[in-house]
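Protein chains in written order, with full-length UniProt numbering: chain F, 1 to 664; chain Y, 1 to 664. Below is one structure, written out as structure tokens, with a few remarks after it.
Protein chains: 2
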Amino acid sequence: MSSRDKHDRMANAIRFLSADAVEKAKSGHPGLPMGAADVATVLFKKFLKHDPHHPLWPDRDRFVLSAGHGSMLLYSLLYLTGYEDITIDEIKNFRQLGSKTAGHPEFGHAAGIETTTGPLGQGLANAVGMALAERILNARFGDGIVDHHTYVLAGDGCLMEGISQEAITLAGHLKLGKLIVFFDDNNISIDGPVSLADSTDQCARFAASGWHTQRCDGHDPDAIAEAIEAARASDQPSLIACKTTIGFGAPTRAGTNKAHGSPLGAEEIEGARKALGWEAPAFEVPSDILDMWRLAGLRSVKDRKEWEGRLAAADAELRSEFERRMRGELPGGFETVIADYKKALVKDKPKVATRKSSEMALEVINAALPETIGGSADLTGSNNTKTSQTKPITPDDFSGRYIYYGVREHGMAAAMNGIALHGGLIPYGGTFLVFTDYCRPAIRLSALMGQRVVYVMTHDSIGLGEDGPTHQPVEHLAALRAIPNLRVFRPADAVETAECWQLALADTSGPSVLALTRQNLPAVRKEHFEENLCGFGAYELEKPEDEAEVTIFATGSEVEIALAARKLIEAKGRRTRVVSVPSMELFVAQSAEYQAAIIGEAGVRVAIEAGVRQSWDRLIGPDGIFIGMSGFGASAPYEDLYAHFGITAQAACDAVLERLSTAS
Amino acid sequence: MSSRDKHDRMANAIRFLSADAVEKAKSGHPGLPMGAADVATVLFKKFLKHDPHHPLWPDRDRFVLSAGHGSMLLYSLLYLTGYEDITIDEIKNFRQLGSKTAGHPEFGHAAGIETTTGPLGQGLANAVGMALAERILNARFGDGIVDHHTYVLAGDGCLMEGISQEAITLAGHLKLGKLIVFFDDNNISIDGPVSLADSTDQCARFAASGWHTQRCDGHDPDAIAEAIEAARASDQPSLIACKTTIGFGAPTRAGTNKAHGSPLGAEEIEGARKALGWEAPAFEVPSDILDMWRLAGLRSVKDRKEWEGRLAAADAELRSEFERRMRGELPGGFETVIADYKKALVKDKPKVATRKSSEMALEVINAALPETIGGSADLTGSNNTKTSQTKPITPDDFSGRYIYYGVREHGMAAAMNGIALHGGLIPYGGTFLVFTDYCRPAIRLSALMGQRVVYVMTHDSIGLGEDGPTHQPVEHLAALRAIPNLRVFRPADAVETAECWQLALADTSGPSVLALTRQNLPAVRKEHFEENLCGFGAYELEKPEDEAEVTIFATGSEVEIALAARKLIEAKGRRTRVVSVPSMELFVAQSAEYQAAIIGEAGVRVAIEAGVRQSWDRLIGPDGIFIGMSGFGASAPYEDLYAHFGITAQAACDAVLERLSTAS
């Protein structure tokens, strides 16, 4: 068998595993796997550094299928090269309940799936984060320990999404030379030819942001290999536009949008078998082909062993630090660091904005945790995300710990996902809370993948004042609380801010949002510093000696208002509690007893939050009093806005007294 | 005074109005107005077709300040050219409660503010929609009635945002030659020099998508004028990269990020006055300068009068149609069209997906409303957004009514805002409901600006099946319901779908989201077709003869489940109502009596919706039974998923019976 024959048969194994799995599932996307099989075969056979039997080898190359609908391409490659998670039964079980082979690649379902993709453009932006993490860790641990490539397969859809521009320009600026993107340039999108909707010269576009670009025939293995060699030789990030035929081999559907997103049908598959000379029945890969693939899967075993040797021979402290980081464990003693910091706060009782409290906490955290990587989407001074330890990362020096992400909230969030997925680093990044909208698809993926990413979201209400309604989050706390597996923290003072940071960093199972004020806040916690009370999600801050008639729940900047309202109400002789609610998610995860005790028996329940009511009915019920926003904000000094929108201690007091008088 | 002197003094009037207003407000952004004053002066003095005394003249050029933080530039221009809404007192009242001069330009506050900007990149993408609307209306009404330019001033931030790429590539593809973008190329972003975060050659990037590009000295009025002439002569959309100095004239802050976003301070402003030879006190514009500006504001009066003459002379039907469209009124008889269509549905009782019901309704709507402009973000066949009337719009022919937006959800949504803002057209566009996350910032602006944009969001739950959790909205209904002034519709069958479409089109005060299924649904409405019951937001679908013990609320695809659950529960002898809730927003806008009657007195309240619980406590209370999702979905055939996640009639029945047995 000639080398070309071998290649073709190996690629055809991908094509038919994919087409047959889609056929059996009665849904899925055969077009991309059949079209990109040649590119993937060359990459996995000749270049990708990975070991299917040690799939989490830290220095493996990362392969990201950004065009996640082509999931069968990835599953086929994992099965063929010998990843244990993806058996032929899993392939047969494509898109069925409980299988590892979901419709789109789901991180955590199987080793070898480096990230969850499907929402277009995300994988490309994750890969920028991975490539950045590689350079940062390389700067810290050296070529012997961290030195790998990140490869991406992206389609037209990925490149039309705006997030791709943020990712491309960031990667180009930072000269991430070990990032190589294959553009599956098949001229087809779901609605038909790409020419229906786009006329962009992608190579020229990438080149405009400092990328090395090439075009090649995506069905010519030699041309593909040459292009990869050239890309690896370049010190710029590389785009290889591979001209391919979607659904390659399908007699009537190849090259059309009919090959994209639905089963080809028995007849078309039969025709493809004839056209490509593939005689094996569905889900059977001829043993010689499977052997070739499994052999390809062993190609990097020597590399891996050498790497293990280098790690074993490395300085013991360096090695131990690397291993700790890759396990995602915080260093011993971190809890003490936070506890000591809180003790200092008790003394100082600083009256500062929580964005400033966050900076103060970060100053302590970044000193204790060398793995944090900070950044901001061009709001460094406003988000207070930079501390004395975080030297900027530049195209020429990756030894820093701070990323100027530019005005790229979405790209930042997706890059942070990539950094977290890579391992060895804990990313945090800032923008204004209102702009969580700009990065919401990536925040959702942080949550879906369970990645420890910390979103530092300042200017968290009308309290930002004059910038007005476009910049004032109103619905955002509710909208973020709606996302499963995301923790939304809204601390009320410096102590709570430190505690929320501690919780966000200690939680390896998912992302956190810290919602922080622009305006100054007084210290509200007066006791119980030794415990992390924010960990309960909600806790009693003040209470009357006898049973309360009124409970006021509040978060963040409105805790101060709740405490002032309590004074006014108590002055009228009505017994009132105040509960701080730094995290609804953590609160509803507490025992039923704890929740019942915190919600309490008071007849009047009030919630104060400078956002919409939605999410609060759970605590106060539909009959509870809500002091907050019912529409968009306005542009004015913030004190005027709080008065204008009636978010004041007096308004809360009046509403409570009216309710009490009606009830009695 | 030389021509150059006149220009300089006119530009300086902008500079000092801006710097002084920011100073007085103690917050704001002096840098952009001072830097871009020359560009704006040339544009407004020599090119912009507008009439300050007839600010809503339909054929005026549109000017969009995409870099909305530079709002004082726009307010200064409106004041200087004589727009009545913006008086010198409004300028003095910059960023104060109740002023028309908000921190960022707010559509609706004053004539001349063509769109709300501030969230970066949105204005540029709105402008693409405006330029597109101009071409579409030109194709319909001719050069004599619609033939104007759309100008944009965008900053580095706008161009770093991903949405800008979606906007640029769409405009380039469609060859929107009357769109001209000034890039305020001042090399400065908030964190410092743009070189901290970006190295993109913007001209090369735009050229890669078919734009005409030029660079010019943004402080040389002749060079600016020449560039505008060349841009107007080109049949491609045009970028003019104007090299400017941020904070031009400020002695120590000009050219640095210190000029960007805070008051310059008295000393710096004094220095600028000296440097630029401006002796007038704050908020005083020397009368000769003001005269020159006011004269410039009169430049297009002749044009406007001629246009009015052409419109008056036009075919009466054409003129009446144009005027109706620009008023945003639906044609008479539209209600009858929908009523007749509903009658047909009563006979047929089609069992179809609501995305198909939507297509059926659109077939009727698009025949009756020539002003609808459909589209999809590359999911035409899935969103069912194309009907027989909607020929595609192409770069060479704008007589169509369908836009292939490409995989650009965010760009689509923002372009739709621009189309709606332009007037004369009603845009609707589709993608999957989960991808409302991708266009959320633009949806928010539709709501904030009160624009009639219809979002056709299909595949609205785990009911989409095999594509899995990345494609399954779970939190999205709640997250959308949290946005003020947005109506979220989730119809349960073909009749409800028609009614929701009618409501969305009739509402000129804001946007609507239609959440539609992929899977087929039976007809659930059995009576009361003559009235639009969806207009009440929620209504009783089935009820027992005697007082109900159980009320089940449901939306969309889960109404079928609620009805089946009712049967099971009634079979156990427990009296049960079912309430369909096509729109929570409309429901909570009803009278207290209506709401109380619909919520009812039943002891057990249940909500069934294949999403998260948030937003339902308002109807069922914290003690109500919720049958829905508590986390992300999974990949499997949809029937398996409903069973797996326990969203079934049996599960609802079991929960209700258990609750009834506990209670009794």
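Note that the Cβ used here is the ideal one computed from N, Cα and C, for glycine as well. No experiment lies behind these values; they were computed from the predicted model shown.
**Asked** Does the distance from the C-beta atom of Ala204 (chain F) to that of Ala19 (chain F) stay below 8 angstroms?
**Response** no
**Request:** Take Lys90 (chain Y) and list the residues in its own chain whose beta-carbon comes closer than 8 angstroms to its own, dropping the five residues that flank it on each side.
**Result:** The sequence shown places Glu at residue 90 (chain Y), rather than the Lys named in the question. Correct list, in chain order: Tyr75, Tyr79, Ser99, Lys100, Thr101 and Ala110.
**Item:** Runs of alpha helix (DSSP H) lying entirely within the segment 258-284 of chain Y, each at least 4 residues, in chain order
**Value:** 266-276
**Asked** What separation, rounded to the nearest whole angstrom, lies between the Cα atoms of Gly82 (chain Y) and Glu540 (chain F)?
**Response** 58 angstroms
**Asked** For Asp5 (chain Y) and chain F, any beta-carbon pair shorter than 8 angstroms?
**Response** no
**Request:** On a CA-only basis, which of Y:His422, Y:Tyr404 and Y:Tyr428 is nearest Ile365 (chain Y)? Give me that one, please.
**Result:** Y:Tyr428
**Prompt:** Apart from the five residues on each side of it in sequence, which residues of its chain come closer than 7 angstroms, Cβ to Cβ, to residue 668 (chain F)?
**Reply:** Look at the range of chain F in this structure, 1 to 664, and you will see that residue 668 (chain F) is not part of it.
**Item:** Glu161 (chain Y) at chain F interface by Cβ criterion, 8 angstroms
**Value:** yes
**Item:** Nearest neighbour of Gly424 (chain F), chosen from F:Leu120, F:Pro119 and F:Arg324 [CA to CA]
**Value:** F:Arg324
**Message:** By the 9 angstroms beta-carbon criterion, what residues does the segment 353-368 of chain F contribute toward chain Y?
**Reply:** none
**Request:** State the DSSP-derived secondary structure class of Leu159 (chain Y), mapped to helix, strand or coil.
**Result:** helix
**Message:** I'd like to know if the segment 619-631 of chain F and the segment 501-514 of chain F are in contact, where contact means that at least 3 CB-CB pairs between them fall below 8 angstroms.
**Reply:** no
**Request:** Using the DSSP secondary-structure output, state which residues sit across from Phe63 (chain F) in a beta bridge.
**Result:** F:Tyr151
**Simplified DSSP assignment, three categories, for Lys26 (chain F)** = coil
**Message:** Taking contact to mean 3 or more Cβ pairs, one atom from each stretch, closer than 8 angstroms, check whether the segment 635-649 of chain Y and the segment 559-579 of chain Y are in contact.
**Reply:** yes
**Message:** Just to confirm the assignment, what range does the alpha helix (DSSP H) spanning Cys500 (chain Y) have?
**Reply:** Ala494 to Ala506
**Message:** Just to make sure I have the definition right: I need the residues of chain F whose C-beta is within less than 7 angstroms of the C-beta of Leu120 (chain Y). Which are they?
**Reply:** Val407
**Item:** Contacts that Gln96 (chain F) makes with chain Y (C-beta to C-beta distance below 9 angstroms)
**Value:** Glu466, Ser635, Ala636, Pro637 and Asp640
**Message:** Taking the beta strand (DSSP E) that Gly418 (chain F) belongs to, which residues open and close that run?
**Reply:** Run containing Gly418 (chain F): none in the beta strand (DSSP E); it sits in the alpha helix (DSSP H), Glu409 to His422.
**Assigned exposure category for Ala610 (chain Y) - 16 Cβ within 10 Å defines buried** = buried
**Prompt:** Of all Cβ atoms in chain F, is any one closer than 8 angstroms to the Cβ of Gly621 (chain Y)?
**Reply:** yes
**Prompt:** For the beta strand (DSSP E) that Gln122 (chain Y) lies in, which residues bound it at each end?
**Reply:** Unbroken run through Gln122 (chain Y) is the alpha helix (DSSP H), Gln122 to Phe141; no beta strand (DSSP E).
**Asked** Residues of chain A with a CB under 8 angstroms from the CB of Asn485 (chain Y): which are they?
**Response** The structure shown contains no chain A; its protein chains are F and Y.
**Request:** Give the range of the alpha helix (DSSP H) segment to which Ser320 (chain F) is assigned.
**Result:** Ala316 to Arg327
**Message:** 8 angstroms is my cut-off, CB to CB: does Glu166 (chain F) come that close to chain Y?
**Reply:** yes
**Asked** Residue ranges of each beta strand (DSSP E) run of no fewer than 3 residues wholly in the segment 415-480 of chain F, ordered along the chain?
**Response** 426-432 and 454-458
**Prompt:** For Thr385 (chain Y), which of helix, strand or coil comes out of DSSP?
**Reply:** coil
**Message:** Measuring only the C-alpha atoms, how far is Ala554 (chain Y) from Ser164 (chain F)?
**Reply:** 38 angstroms
**Message:** Three or more C-beta pairs under 8 angstroms: does that hold for the segment 581-595 of chain Y against the segment 444-453 of chain Y?
**Reply:** no
**Any C-beta of chain Y under 8 angstroms from that of Ala413 (chain F)** = no
**Asked** the ligand FAD heavy atoms versus the CB of Glu308 (chain F): any closer than 7 angstroms?
**Response** Although the ligand FAD was asked about, the structure shown includes no ligands whatsoever.
**Asked** Cβ of Leu379 (chain Y) within 8 angstroms of Cβ of Leu330 (chain Y)?
**Response** no
**Item:** Alpha-carbon to alpha-carbon, Ala602 (chain F) and Cys653 (chain F)
**Value:** 15 angstroms
**Prompt:** Ordered along the chain, which non-local residues of its own chain (more than five positions away) have a Cβ less than 6 angstroms from that of Arg62 (chain F)?
**Reply:** Glu114, Met130 and Thr150
**Item:** Extent of the continuous alpha helix (DSSP H) run through Ser557 (chain F)
**Value:** Ser557 to Ala571
**Prompt:** For the beta strand (DSSP E) that contains Glu542 (chain F), what are its first and last residues?
**Reply:** Tyr539 to Glu542
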